[in-house]
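The listed protein sequences correspond, in order, to chains D and E. Note that my numbering numbers the first sequence so that position 317 is 441, with each residue one more than the last. Note that my numbering numbers the second sequence so that position 109 is 233, with each residue one more than the last. Using N, Cα and C, we set each Cβ at its ideal position, and we do this for glycine too.
Number of protein chains: 2
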Amino acid sequence: MKKISAVLVLFFPFFSVNGQQPNPAQYVNPLIGTQKMGHTYPGATVPFGSVQLSPDTDQQPHNIGGKYNKDAYKYCAGYQYDDSSIVGFSHTHFSGTGHSDLGDFLIMPSVGELQLEPGSKADPKSGFRSAFSHANEIAEPGYYKVKLDDDNIWAEMTATTRVGFHQYTFPKSDNAHIIFDLMHGIYNYDDKNVWTFVRVENDRTIVGYRQTNGWARTRTVYFAMEFSKPFSSYGFKNFGKEDYKGFWRKFDQSKNFPEMAGKQIRAYFDFKTEDGEKVNIKFSLSPVSTEGAMKNLKAEIPHWDFERTKREAKAEWNKELGKIDVTAPSRDDLVNFYTALYHTFLSPTVYMDVDGKYKGLDQNTHQANGFTNYTTFSLWDTYRALHPFFNIVQPKRNRDMVRSMMAHYDQSVHKMLPVWSHYANENWCMIGYHSVSVIADAIVKNNIEGIDAGKTLDAMAQTARTKYYDGLEHYMKMGYVPEDKNSSSVSKTLEYAYDDWCIAQAAKKLNRTDIFNEFSKRSENWKNVYDSSSGFMRPKMSDGKFREKFDALQTHDQGFIEGNAWNYSLYVPHDPAEMIEMMGGKAKFSKHMDELFTMHLPDEFFAETEDITREGIIGNYVHGNEPAHHAAYLYNWTDDKWKTQERVRMILKNQYRPTPDGLGGNDDCGQMSAWYLFSALGFYPVAPGSDQYALGSPVIKTATIKLENGKTLSIEALNQSDKNVYVEKVLVNGKQIDRPYLTHAEIINGGKITFYMSETAKR
Amino acid sequence: MKKISAVLVLFFPFFSVNGQQPNPAQYVNPLIGTQKMGHTYPGATVPFGSVQLSPDTDQQPHNIGGKYNKDAYKYCAGYQYDDSSIVGFSHTHFSGTGHSDLGDFLIMPSVGELQLEPGSKADPKSGFRSAFSHANEIAEPGYYKVKLDDDNIWAEMTATTRVGFHQYTFPKSDNAHIIFDLMHGIYNYDDKNVWTFVRVENDRTIVGYRQTNGWARTRTVYFAMEFSKPFSSYGFKNFGKEDYKGFWRKFDQSKNFPEMAGKQIRAYFDFKTEDGEKVNIKFSLSPVSTEGAMKNLKAEIPHWDFERTKREAKAEWNKELGKIDVTAPSRDDLVNFYTALYHTFLSPTVYMDVDGKYKGLDQNTHQANGFTNYTTFSLWDTYRALHPFFNIVQPKRNRDMVRSMMAHYDQSVHKMLPVWSHYANENWCMIGYHSVSVIADAIVKNNIEGIDAGKTLDAMAQTARTKYYDGLEHYMKMGYVPEDKNSSSVSKTLEYAYDDWCIAQAAKKLNRTDIFNEFSKRSENWKNVYDSSSGFMRPKMSDGKFREKFDALQTHDQGFIEGNAWNYSLYVPHDPAEMIEMMGGKAKFSKHMDELFTMHLPDEFFAETEDITREGIIGNYVHGNEPAHHAAYLYNWTDDKWKTQERVRMILKNQYRPTPDGLGGNDDCGQMSAWYLFSALGFYPVAPGSDQYALGSPVIKTATIKLENGKTLSIEALNQSDKNVYVEKVLVNGKQIDRPYLTHAEIINGGKITFYMSETAKR
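Shown next as structure tokens:
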């Protein structure tokens with residue numbers, strides 16, 4: 125390998141990640157997406173880690189006076205790059221979500237007079253929050269460092285899968301504190317807490333849990349926390365409802381009383397520190413118990429060597445990121461690529477103790493036998509590209525994700541696969557039942573080893589037959605969701621139809637004719653909402669007529685969700701050819717697509733488009749939301765395939781930049797990044813559940829994917845440059861192909877794919 | 125045995141419980157104590173059962189407008205005999221407590237229009253509650269039946285250890301309901317709920333849990349519920365905070381949606397019923413999980429035969445009650461005796477699943493290996509007579525209770541034995557650390573088999589050294605609790621001194637000289653609060669002077685709790701002789717005692733005496749509260765032992781009556797009843813932790829105690845009658861004894877104790 129690497133370096137000396145010690149992590153900038161709408165977090169985590177230990181720059185209630193508080197949305201990941209103060213460091217964060225939750229267990233060091241209120245952004249000194257500046261901030265995979273200016277404390281953090289490792293370097297003080305805020309949270313900050321429970325086991329160890337009612341309705345996270353040095357005293361304040369007074373008659377519980385509980389509490393621990401003294405905290409999480417949290421803590425970090433854990437976290441990242449070896453025209457491309465790869469490896473997250481115990485959807489404790497249980501399935505987003513990407517780069521993990529989804533199904537009282545699930549909860553966010561896409565894709569791509577595929581198929585069919593789910597009964601009866609019965613009806617009809625096609629594909633693969641027939645038929649339901657008079661998909665009423673009120677530019681109340689008719693009408697990923705035919709044929713469709721990408725979307729329509737910045741739009745094409753993620757590839761079904769190449773390169777360039785504001789929309793648990801990765805490599809899974817990938821235009825120069833089956837896939841883009849966005853021809857293992865797609869076999873069996881790039885489109 | 129029984133019947137034909145099928149349960153009237161201050165419940169339970177399925181006649185908030193609501197107190201056991209309507213039947217009840225909690229999972233049948241509010245006492249028809257009358261009510265051990273007049277429904281219930289079995293006989297209705305109220309509770313009714321979670325697994329099975337913050341700060345009870353017939357529809361209403369709206373956008377969750385959660389919810393299940401149709405419900409509890417609750421349900425009642433479970437419950441009661449075979453002068457005496465025995469066998473309650481899993485004080489799930497885990501330790505009450513009684517009649521259970529207390533200790537973050545514990549919580553109620561009395565009594569009486577006695581001793585010592593506990597640091601430093609530092613200081617000083625003596629006794633038995641010395645010394649601390657000028661124990665300040673303000677009749681703010689100086693000053697159970705000497709010698713003390721029993725306590729002082737009716741007082745002697753429970757026996761340490769006999773018989777007669785209002789004070793988890801049982805048998809454990817029982821005056825004619833060691837103790841009171849309250853002589857195995865006490869060996873080794881009763885006192 126060393127020799128080959130040397131050769132590669134010779135050929136592509138400029139930004140190779142090869143060398144003695146492969147260090148792709150150097151290209152990752154976790155700050156990308158932390159500004160504006162990316163909703164990523166900059167803190168420390170390991171690949172798919174349960175702990176995301178990251179600074180929160182504010183906490184905002186989800187509602188104020190019963191009304192939605194728009195500011196809450198900015199803090200979906202806890203951190204906004206434009207802020208100039210940090211409230212503290214909490215242990216759980218979603219990466220790139222649009223709604224949110226989590227933000228559990230905020231830790232904040234301070235010196236001087238104890239402050240138990242966070243204080244305001246305008247005046248950080250009014251509370252325990254502290255000013256900071258990006259000049260004193262380092263964010264790397266598995267490591268985060270910042271100087272807290274108010275008290276001159278350096279904060280560093282790293283992590284293992286289940287343990288956050290803090291390191292605070294204090295000034296000399298007789299009055300140093302670690303504040304432990306159990307009220308802090310992301311979304312619904314002041315009324316999300318249901319209960320918190322804390323035990324001070326000894327002068328270094330604390331355990332407990334926090335139970336919330338937020339996006340996850342019934343959610344509990346357990347913790348164990350250990351200090352590197354004993355605290356001299358401690359206490360807490362209950363900001364919520366007073367306890368039964370008997371407790372308080374007997375003790376002064378506010379000070380040095382080892383048991384704390386309540387709905388709203390903040391605790392603190394006092395130290396004396398020398399100048400430059402480091403106080404470390406190991407903080408572990410468990411889905412099931414404090415006992416489990418203690419086990420995790422002891423198993424994963426049995427020492428106090430912060431540098432060692434930091435090193436190991438970095439190594440773990442390099443191992444995962446190193447699965448794809450890339451060279452590219454510019455360092456920015458590498459930063460974009462590896463940061464996207466980093467973002468795709470953040471979630472779903474491991475959700476079980478070191479001994480395999482996890483909380484199930486039924487709120488019972490279960491044992492994961494023979495698999496790693498994962499949570500945080502943002503499936504409406506991630507079925508599109510993230511899971512297909514995993515089928516190539518993380519096939520084992522994807523199998524375990526399928527197993528986790530099946531465990532969810534087994535534990536579901538609805539007998540449904542997950543829709544949007546996190547932390548032993550179904551939050552029902554968005555639409556469709558896209559678990560079936562993820563599983564069908566795994567089945568079709570033969571990444572189902574060790575899983576009872578027949579059972580997954582039954583689960584898929586059963587899920588798709590849940591009458592009371594979101595208009596399904598109407599859909600099953602009438603072939604579409606009527607808008608007067610259930611809103612966003614067109615989006616639902618289109619996505620159900622695609623999902624049904626996925627089920628049919630899995631059934632075909634498994635020779636289950638009955639299910640194949642049932643769902644093949646359903647998969648054509650998209651046709652029922654196409655309005656030939658307007659040329660768009662359009663909401664239909666239960667009387668069979670299209671709704672009169674209709675505006676193809678508007679997003680809200682037009683029968684769609686997170687997309688207008690222009691974007692959403694393209695959503696027939698499983699049968700673009702038929703769709704194009706219906707919309708007037710290839711030539712007309714190609715023009716229609718051009719219009720999408722080039723028209724001007726007036727501000728009034730943009731204003732109501734959620735989750736994205738103005739930059740998240742190209743013309744009227746909304747890349748910041750997912751429904752049209754496959755759209756640029758649809759030219760492949762026309763005679764203007766070169767337009768796909770052009771558009772894809774434009775999106776890659778416009779929508780992904782190596783800066784904090786570099787993401788034009790929510791990263792959505794890696795979906796936006798997975799789009800980047802596929803497209804950067806030159807192909808994209810327009811219809812997960814098929815074994816085909818539409819060809820686009822790669823942005824890399826070379827990529828070597830080390831597959832888990834031991835094989836290697838090399839991708840080479842000859843004559844690559846910013847100008848040469850067109851693909852002249854594509855060779856698979858030296859043989860030119862005359863079709864606009866690759867097959868999964870061509871990828872997973874390894875070999876070489878060569879793109880010949882050109883400045884001229886091949887019309 | 126049969127033959128012996130026959131002989132007994134020959135001698136004492138009149139109210140023997142012997143016969144072909146011993147049926148002592150016939151003498152039990154669970155309604156005794158349900159009126160006024162007894163705080164017992166009339167519903168169905170088995171001995172020490174986890175489920176207490178009982179009617180609740182009202183639900184009262186613990187506080188109204190931030191102030192204590194006196195009416196809550198009336199409903200400590202959910203049922204007040206004077207009420208004329210029933211709200212429903214809930215599954216958990218304390219027997220006889222002074223504070224309260226529980227009342228989980230209320231079930232109520234109804235027909236006609238669905239009502240989801242309970243309605244008012246004044247107008248039961250305004251809600252789902254129903255009028256009832258005692259004429260249509262049957263309460264027996266393990267069985268309760270009542271007619272719900274409003275809807276003409278007969279309700280019956282029985283139970284196993286972990287499962288309540290309901291039977292509702294409906295009229296014909298197209299609109300019959302079972303209401304399932306998860307908001308209902310005892311104490312803190314409207315804000316005790318922290319969270320509730322319910323899943324409708326299928327059209328007959330429901331599981332879930334309820335989490336409360338009441339007397340127990342952090343308490344969760346899990347359930348599983350099965351109907352004998354499928355419901356046709358169901359639904360629920362959330363009376364609390366609204367959920368994250370995403371849940372509700374997708375579904376109409378109010379109807380036929382199988383997952384319910386919230387802080388305040390009531391559910392309902394609809395049926396069609398024929399006239400006279402019975403609908404049964406099996407309802408199981410678990411301390412750890414819904415999975416555990418399902419296991420318990422299937423293991424304990426794997427059928428739908430209500431009569432069978434009822435029969436088995438009765439048989440279980442007869443087995444336990446049959447451990448003492450009694451004859452007595454009147455049926456009333458038998459009713460008093462067996463009802464008292466019934467009440468002593470209600471708690472502590474089994475607190476683990478059929479597979480041994482239970483929730484520990486650390487909120488983790490633990491496995492009870494080799495013992496049955498119990499909860500509900502009302503130790504300030506029950507150390508006095510209940511646990512000593514168990515050391516005779518329920519030694520195995522008492523050992524398991526000690527094991528349960530040790531498990532509590534092991535799981536305690538304070539490393540303390542229980543003070544007042546229930547459902548994996550320490551509620552810290554009342555004072556002292558009387559676990560040590562229970563354990564010392566077991567050690568001294570050799571009922572410690574299979575338990576690491578040395579470890580229990582360390583636990584006792586460790587508990588007694590918890591500086592931050594309730595004035596202990598001062599007590600340890602100064603030899604008393606100073607009233608200016610910690611209120612109820614005299615009661616605390618006296619009880620700590622007694623508890624310390626218990627530790628010393630255990631240490632002596634186990635040859636642990638260090639601990640013996642330490643705690644023997646501490647056990648004399650009672651002397652530090654005796655004020656010779658007033659002749660009473662009296663609050664002392666931290667400057668070493670007695671507090672000036674002092675009123676020996678007042679109860680509140682006099683340095684005592686639940687007792688005035690007259691009653692509490694007698695509290696030196698471990699050294700009455702020394703106490704009497706200090707108080708002026710035998711003769712003076714005897715007169716002092718006479719005054720206690722005969723003086724008139726003005727109403728103003730009674731008014732502030734908690735937990736008792738006017739009848740719970742004899743003179744100024746308060747039997748309805750516990751501190752002076754040993755007092756009547758103190759004459760034994762004077763030359764007027766006959767006065768003990770007279771007073772005891774007076775108390776037995778006045779304070780225990782076979783009527784709903786028959787208990788003069790809270791039964792306190794069996795302590796009041798255990799006092800009755802000991803005294804009725806002729807002896808009483810003045811100082812648990814010693815092996816001596818002070819002699820009194822039995823009220824029975826004969827009693828045969830079938831000991832677990834296979835031996836039999838016969839007690840005979842010759843010439844017994846209501847008038848013959850004096851004991852002429854006592855023979856142990858035919859040999860007259862010349863001391864006023866029995867030893868534990870004389871009891872536990874079996875044999876015969878004969879009292880010769882007389883109308884004349886032996887002066």
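is_contact[E:K365, chain D] using C-beta, thresh 8 Å: For the purposes of this step, residue 365 of chain E is taken as the residue at position 241 of the second sequence. At least one chain D Cβ lies under 8 Å of E:K365.
Inter-residue spacing [alpha-carbon to alpha-carbon] between E:G309 and E:H490: In the second sequence, the residue the question calls residue 309 of chain E occupies position 185. In the second sequence, the residue the question calls residue 490 of chain E occupies position 366. About 27 Å.
Minimum Cβ-Cβ distance from E:K374 to chain D less than 8 Å: Position 250 of the second sequence, counting from 1, holds the residue named residue 374 of chain E. Judged by the 8 Å Cβ criterion, E:K374 is in contact with chain D.
Bounding residues of the alpha helix (DSSP H) (the contiguous stretch that carries E:S613): For the purposes of this step, residue 613 of chain E is identified with residue 489 of the second sequence, where counting begins at 1. 613–633 is the span of the alpha helix (DSSP H), which, as asked, contains E:S613.
Residues within the region 474–494 of chain E neighbouring chain D, beta-carbon criterion of under 8 Å: D486, Q487, N488, T489
Rounded distance between the beta-carbons of E:K710 and E:D763, thought under 8 Å: In the second sequence, residue 763 of chain E corresponds to position 639, counting from 1. In the second sequence, residue 710 of chain E corresponds to position 586, counting from 1. Correct: roughly 6 Å between the Cβ atoms.
Whole-Å CB distance - E:F513 paired with E:T468, under 8 Å assumed: Along the second sequence, one-based indexing puts residue 513 of chain E at 389. Along the second sequence, one-based indexing puts residue 468 of chain E at 344. Confirmed, Cβ separation roughly 6 Å.
Short CB-CB distance (under 8 Å) between D:H916 and chain E: Missing from the structure shown is residue 916 of chain D; chain D here goes from 125 to 887 and no further.
For D:F501, the nearest candidate out of D:R527, D:Y268, D:K406 (CA to CA): In the first sequence, the residue the question calls residue 501 of chain D occupies position 377. Per the Cα distances, D:R527.
C-beta neighbour in chain E for D:W441, strict 8 Å: For the purposes of this step, residue 441 of chain D is identified with residue 317 of the first sequence, where counting begins at 1. Chain E, which has no Cβ nearer than 8 Å to the Cβ of D:W441, makes this no.
Runs of alpha helix (DSSP H) wholly within the region 576–609 of chain E (minimum 4 residues, chain order): Listed in chain order, they are 577–588, 596–602.
Spatial distance of E:K269 from E:H290 (CA atoms): Taking the first residue of the second sequence as 1, we reach residue 269 of chain E at position 145. Taking the first residue of the second sequence as 1, we reach residue 290 of chain E at position 166. Taking the straight line from one Cα to the other gives about 10 Å.
Nonlocal neighbours in the same chain, by C-beta distance under 6 Å from D:S803, ignoring five residues either side: Working through the first sequence from its first residue, we reach residue 803 of chain D at position 679. When the five nearest sequence neighbours on each side are left out, the beta carbons in the same chain lying within less than 6 Å of the beta carbon of D:S803 are those of V772, L776, G820, in order along the chain.
Contacts that E:A385 makes with chain D (C-beta to C-beta distance below 7 Å): Locating residue 385 of chain E in the second sequence gives position 261, where the first residue counts as 1. Under the 7 Å cutoff, chain D gives R341, T342.
Cutoff 7 Å; reference D:L134; Cβ partners in own chain excluding five residues on either side: The residue labelled residue 134 of chain D in the question sits at position 10 within the first sequence. Because D:L134 carries a pLDDT of 38, less than 50, the predicted location of this residue cannot be relied on, and the following value inherits that uncertainty. Contacts found: none.
Under 7 Å from the C-beta of D:W504: neighbouring residues of chain E: As a position in the first sequence, residue 504 of chain D is number 380, starting the count at 1. For a Cβ distance threshold of 7 Å, nothing in chain E lies close to D:W504: the least Cβ distance comes to about 12 Å.
Any 3 or more C-beta pairs closer than 8 Å across the region 528–545 of chain D and the region 595–609 of chain D: no
The region 248–275 of chain E: positions lying closer than 7 Å to chain D by Cβ: none
8 Å Cβ cut-off: residues of chain D touching E:M538: Along the second sequence, read from residue 1 onward, the residue named residue 538 of chain E stands at position 414. The sequence given here places His at residue 538 of chain E; Met does not occur at that position. Correct list: P382, E383.
Residues of its chain near E:N800, where Cβ-Cβ distance is below 6 Å and the 5 sequence neighbours each way are ignored: Position 676 of the second sequence, counted from the start, is the residue given in the question as residue 800 of chain E. According to the sequence shown, residue 800 of chain E is Tyr rather than Asn. Contacts found: A464, Y780.
Amino acids of chain E, ordered along the chain, whose beta-carbon sits closer than 9 Å to that of D:F321: Reading the first sequence from its first residue, position 197 is the one you call residue 321 of chain D. Against chain E, the beta carbon of D:F321 has neighbours under 9 Å at R341, T342, Q487, listed in chain order.
Chain E contact for D:E607 (CB, 8 Å cutoff): One-based indexing of the first sequence puts residue 607 of chain D at position 483. So, not an interface residue.
Start-to-end residues for the alpha helix (DSSP H) that takes in D:R343: Within the first sequence, residue 343 of chain D is the residue found at index 219, counting from 1. No alpha helix (DSSP H) holds D:R343; the beta strand (DSSP E) holding it covers 343–351.
Residue burial classification, E:D815 (beta-carbon count within 10 angstroms, cutoff 16): The count along the second sequence starts at 1 and reaches residue 815 of chain E at position 691. It counts as buried.
Contacts of E:E891 in chain D (Cβ-Cβ under 8 Å): No information on residue 891 of chain E is available, as it lies outside the stretch 125 to 887 that chain E covers here.
Interface residues of chain D facing E:Y151 [CB-CB closer than 8 Å]: Indexing the second sequence from 1 puts residue 151 of chain E at position 27. Within chain D, no residue comes near E:Y151; the closest Cβ sits about 37 Å away, beyond 8 Å.
Chain E within 8 Å of D:Q388, Cβ atoms only: Residue numbering aside, residue 388 of chain D sits at position 264 when the first sequence is read from its first letter. Output row for D:Q388: interface = no.
Distance between E:Y333 and E:N102 (C-alpha atoms, nearest Å): The question about residue 102 of chain E has no answer, for chain E in this structure spans 125 to 887.
Cβ-based neighbour list, D:M703, same chain, cut-off 7 Å, excluding 5 preceding and 5 following: To locate residue 703 of chain D, count along the first sequence from 1; it is residue 579. Correct list, in chain order: V696.
Near-chain D residues of the region 300–319 of chain E (beta-carbon distance less than 8 Å), N- to C-terminal order: N312, D315, V318, W319
Test: E:E750 CB closer than 8 Å to a CB of chain D: Reading the second sequence from its first residue, position 626 is the one you call residue 750 of chain E. Chain D contact via Cβ: absent.
Straight-line Cα distance separating D:E550 from E:D225: As a position in the second sequence, residue 225 of chain E is number 101, starting the count at 1. As a position in the first sequence, residue 550 of chain D is number 426, starting the count at 1. For E:D225 and D:E550, the distance between alpha carbons rounds to 32 Å.
Listed by chain order, chain E residues near D:S666 by CB distance under 9 Å: Looking up residue 666 of chain D in the first sequence gives position 542. Ordered by position in chain E, no residue passes the 9 Å Cβ test against D:S666, which lies about 17 Å from the chain.
Those runs of the alpha helix (DSSP H) which lie wholly inside the region 220–247 of chain E and span at least 4 residues: List check, alpha helix (DSSP H) in window: nothing returned.
Buried or exposed by the 16-neighbour rule on C-beta atoms within 10 Å, applied to D:K160: Indexing the first sequence from 1 puts residue 160 of chain D at position 36. With 16 or more other Cβ atoms within 10 Å, it is buried.
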